[in-house]
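Numbering (the working numbering), first residue to last: 1 to 277.
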């Protein structure tokens with residue numbers, strides 16, 4: 001089986017060059033929309049710096065609006081779904097999880113009103129972008145240094161407590177569900193299983209998820225599973241029956257029906273369709 005997973009990162013300084021990336025949100029918008037718009041997680045830390053426009057972002061099953069000068073950070077393994085309307089501009093920074101940069105263990109959503117802080121973050125990201133493009137000697141050390149500067153910027157902005165979008169206590173259950181789902185979405189477990197593990201009823205779990213994310217728990221679980229199904233169909237040569245087994249489906253036929261219901265295409269049609277980006 002040949003893998004084409006572009007998000008794989010390995011520990012150590014020698015791997016930092018491939019683990020760092022900076023992309024404009026315009027370029028991200030050119031890829032297949034499901035890659036960002038459906039709940040998923042990555043092996044790298046991600047920082048989104050939105051400089052213009054507005055939209056919505058879901059982090060750990062909590063959906064919030066964002067506007068200009070907003071920084072959204074999702075640590076490695078955090079579930080995220082990001083809408084990118086055509087007017088939105090900004091940058092995505094990906095950082096290696098094992099580089100000991102001192103980045104927060106929890107996600108954050110900050111509106112940055114301080115003009116100097118806005119300029120500082122933009123400068124750090126643009127310098128990382130230039131380092132990656134130049135491929136100059138000692139690039140690994142330069143990337144580490146700029147990564148630390150981003151980490152320091154983050155610590156300072158979080159300490160200000162200005163512009164932070166606070167987490168509501170009632171949404172804590174949605175966050176716990178998100179963590180459990182990310183760890184077990186391949187297991188074939190249903191919402192009743194997750195609710196039992198969280199010591200709540202399925203009805204209560206779905207109500208909290210609908211309030212926090214605008215959709216019930218089952219829809220969020222299906223969204224996460226179907227993102228992974230799409231990724232495996234697009235980025236690997238794994239047969240559909242193996243994908244079905246890996247994602248906890250009882251049969252390949254059941255997987256095909258579920259995938260077609262979610263996407264209006266069969267797995268083979270989706271795999272053979274023209275690619276974007």
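Note that beta-carbon positions come from the ideal geometry of N, C-alpha and C, so glycine has one too.
Taken in chain order, the segment 195-262 contains no complete beta strand (DSSP E) segment of 3 residues or longer. For residue 24, the three-state secondary structure derived from DSSP is strand.
Sixteen is the threshold: since fewer than 16 other Cβ atoms of the shown chains lie within 10 Å of the Cβ of residue 187, the residue is exposed. Cα atoms of residue 20 and residue 241: separation of roughly 34 Å, rounded to the nearest angstrom. Of the candidates 235, 59, 190, 160, 190 places its Cα closest to the Cα of residue 250. Residue pairing by DSSP places residue 57 opposite 64, 82 in a beta bridge. Exclusion of the five residues before and after residue 69 leaves 50, 51, 111, 112, 113, 118 as the residues of its chain whose Cβ lies within less than 8 Å of its Cβ. In the three-state DSSP reduction, residue 89 falls in the strand class (E or B). For residue 156, no beta strand (DSSP E) segment is defined; the enclosing uninterrupted segment is the alpha helix (DSSP H) at 139-160.
Contact between the segment 142-152 and the segment 93-100 is established, with three or more Cβ pairs separated by less than 8 Å.
Under the 8 Å Cβ criterion, the segment 265-273 does not count as touching the segment 217-228, having fewer than three qualifying pairs.
In terms of Cβ geometry, residue 154 and residue 104 form a close pair [threshold 8 Å].
Distance from the Cα of residue 46 is smallest, within the candidate group 80, 238, 126, for 80. Counting along the chain, residue 128 sits inside the alpha helix (DSSP H) bounded by residues 115-134. The Cβ neighbour count for residue 107, taken over all protein chains shown within 10 Å, is at least 16; the residue is labelled buried. Remark: three or more beta-carbon pairs, one from each stretch, lie closer than 8 Å, so the segment 81-92 and the segment 30-49 are flagged as touching.
Between residue 62 and residue 175, the C-beta gap is smaller than 8 Å, which places the two residues in contact. Looking at the backbone, the Cα of residue 71 and that of residue 259 are separated by about 34 Å.
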